[in-house]
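Residue numbering for the sequence shown follows full-length UniProt numbering, starting at 1 and increasing by one per position. C-beta: ideal position from N, C-alpha, C; glycine also.
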Amino acid sequence: MILMDLGIAWLCLLFFAVAAVYSAAGFGGGSSYLAILSFALDDFLGVRTLALLCNLVVVGGSVPLFWKHGFLPPRRAIPLVAASIPAAFIAAQLRLADETFLTILGMTLVAAAIVMFLQRRDSVAAGDRQSKMIDASIGGGVGFLAGLVGIGGGIFLSPLLHLTRWDAAKRIAAVAAFFILVNSFAGLAGLMVSQQFEIAQTKWLWVLPAVFIGGQIGVRFCLNSVAVRRIRLLTAVIVLIAGLRILVVVM
Numbered sequence: 001m002i003l004m005d006l007g008i009a010w011l012c013l014l015f016f017a018v019a020a021v022y023s024a025a026g027f028g029g030g031s032s033y034l035a036i037l038s039f040a041l042d043d044f045l046g047v048r049t050l051a052l053l054c055n056l057v058v059v060g061g062s063v064p065l066f067w068k069h070g071f072l073p074p075r076r077a078i079p080l081v082a083a084s085i086p087a088a089f090i091a092a093q094l095r096l097a098d099e100t101f102l103t104i105l106g107m108t109l110v111a112a113a114i115v116m117f118l119q120r121r122d123s124v125a126a127g128d129r130q131s132k133m134i135d136a137s138i139g140g141g142v143g144f145l146a147g148l149v150g151i152g153g154g155i156f157l158s159p160l161l162h163l164t165r166w167d168a169a170k171r172i173a174a175v176a177a178f179f180i181l182v183n184s185f186a187g188l189a190g191l192m193v194s195q196q197f198e199i200a201q202t203k204w205l206w207v208l209p210a211v212f213i214g215g216q217i218g219v220r221f222c223l224n225s226v227a228v229r230r231i232r233l234l235t236a237v238i239v240l241i242a243g244l245r246i247l248v249v250v251m
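Now the structure itself:
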């Protein structure tokens with residue numbers, strides 16, 4: 001029992017660190033939670049549920065701060081999230097084999113990271129030049145993929161928005177956090193409807209306060225940082241590490 005309690009304590013510390021780093025780029029950390037929990041839990045349904053709950057806690061604390069500081073553009077974000085919510089809800093109800101799920105997730109993250117590293121110049125805001133139809137298409141596609149693999153989807157959305165010069169880096173981070181928030185809700189709803197929502201043991205819920213504290217530290221770093229290029233590179237590094245970690249799990 002003592003060893004198990006110590007194991008939970010170490011897991012909380014690790015989740016705290018993940019939340020702090022990911023929230024600095026506007027993410028919730030779902031991809032890394034999935035990778036870590038794949039080692040700690042045998043129940044795959046429990047892994048997806050807990051990862052989405054951690055996402056909600058982290059970005060649930062980040063989004064109000066982004067809004068307060070004026071970085072969240074609600075009118076421009078609406079097409080993205082309006083299309084993503086039903087897509088994530090539907091995709092979350094689909095059942096994938098464990099290896100298929102992890103392979104899709106890992107390969108997608110690695111590809112997204114490579115594209116961001118190859119982007120030579122920092123994103124310059126393109127303003128309203130990108131149509132709402134394009135935003136809705138991006139949101140729907142990313143939302144479906146997010147629901148399929150069981151995360152919020154911000155880690156997919158952010159590279160696409162940077163590449164299309166959707167807006168400034170901090171605004172992209174804010175929109176990514178909001179995107180994760182609504183899609184995590186939609187994903188959890190999909191899991192509940194399809195009877196895939198599961199928490200094996202309540203002791204695992206101790207990670208929730210850990211990720212909240214870590215997330216609050218990380219988002220404040222994002223808000224106070226003026227290094228736009230570093231935010232983008234941090235995003236790419238996080239995405240690459242998460243993708244490689246997941247592929248290692250599959251192998």
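In angstroms, rounded to a whole number, what distance separates the CA positions of residue i and residue j?
i           : j    : result
K68         : L223 : 11 Å
M4          : W206 : Per-residue confidence for M4 stands at a pLDDT of 48, beneath the threshold of 50, marking its modelled position as unreliable; the derived number appears in the next sentence. Those two C-alpha atoms are separated by around 13 Å.
L105        : G70  : 32 Å
L234        : A97  : 31 Å
R95         : I36  : 21 Å
G215        : S131 : 32 Å
R75         : A40  : 41 Å
W166        : P73  : 11 Å
M1          : Q196 : Since pLDDT at M1 reaches only 38, below the 50 mark, its modelled position is unreliable, and no value is offered.
residue 257 : L181 : Here the chain covers residues 1 to 251 and nothing more, so residue 257 does not appear.
G152        : G218 : 17 Å
A24         : M192 : 30 Å
P79         : G7   : 42 Å
L163        : M116 : 8 Å
G141        : V250 : 24 Å
A77         : W10  : 37 Å
L240        : T202 : 31 Å
residue 283 : L118 : The chain is shown from 1 up to 251; residue 283 falls before or after that span and cannot be answered.
I114        : G243 : 11 Å
P64         : A173 : 13 Å
Got a sec, what are the start and stop residues for the alpha helix (DSSP H) residue i sits in?
i    : result
H162 : G154 to L163
F212 : V207 to N224
M192 : A169 to V193
E99  : D98 to L118
K132 : K132 to V149
P74  : P74 to A92
I36  : G30 to A40
According to the Cβ coordinates, are residue i and residue j closer than 8 Å?
i           : j    : result
L14         : W204 : no
G190        : R48  : no
S184        : G26  : no
A91         : F156 : no
G139        : S84  : yes
residue 276 : A82  : In this structure the chain extends from 1 to 251, so residue 276 is not present and cannot be described.
G28         : C12  : no
F238        : Y22  : The displayed chain sequence assigns Ile, not Phe, to residue 238. Cβ distance < 8 Å, so I238 and Y22 count as in contact.
L109        : S31  : yes
### Task
Check whether the region 46-66 touches the region 174-191, taking contact to mean three or more Cβ pairs, one atom from each stretch, closer than 8 Å.
With three or more CB-CB distances shorter than 8 Å, the region 46-66 counts as touching the region 174-191.
### Query
Can you find at least 3 beta carbon pairs, one from the region 191-211 and one from the region 12-25, that sit closer than 8 Å?
The count of Cβ pairs closer than 8 Å, one atom from the region 191-211 and one from the region 12-25, reaches three, so the stretches are in contact.
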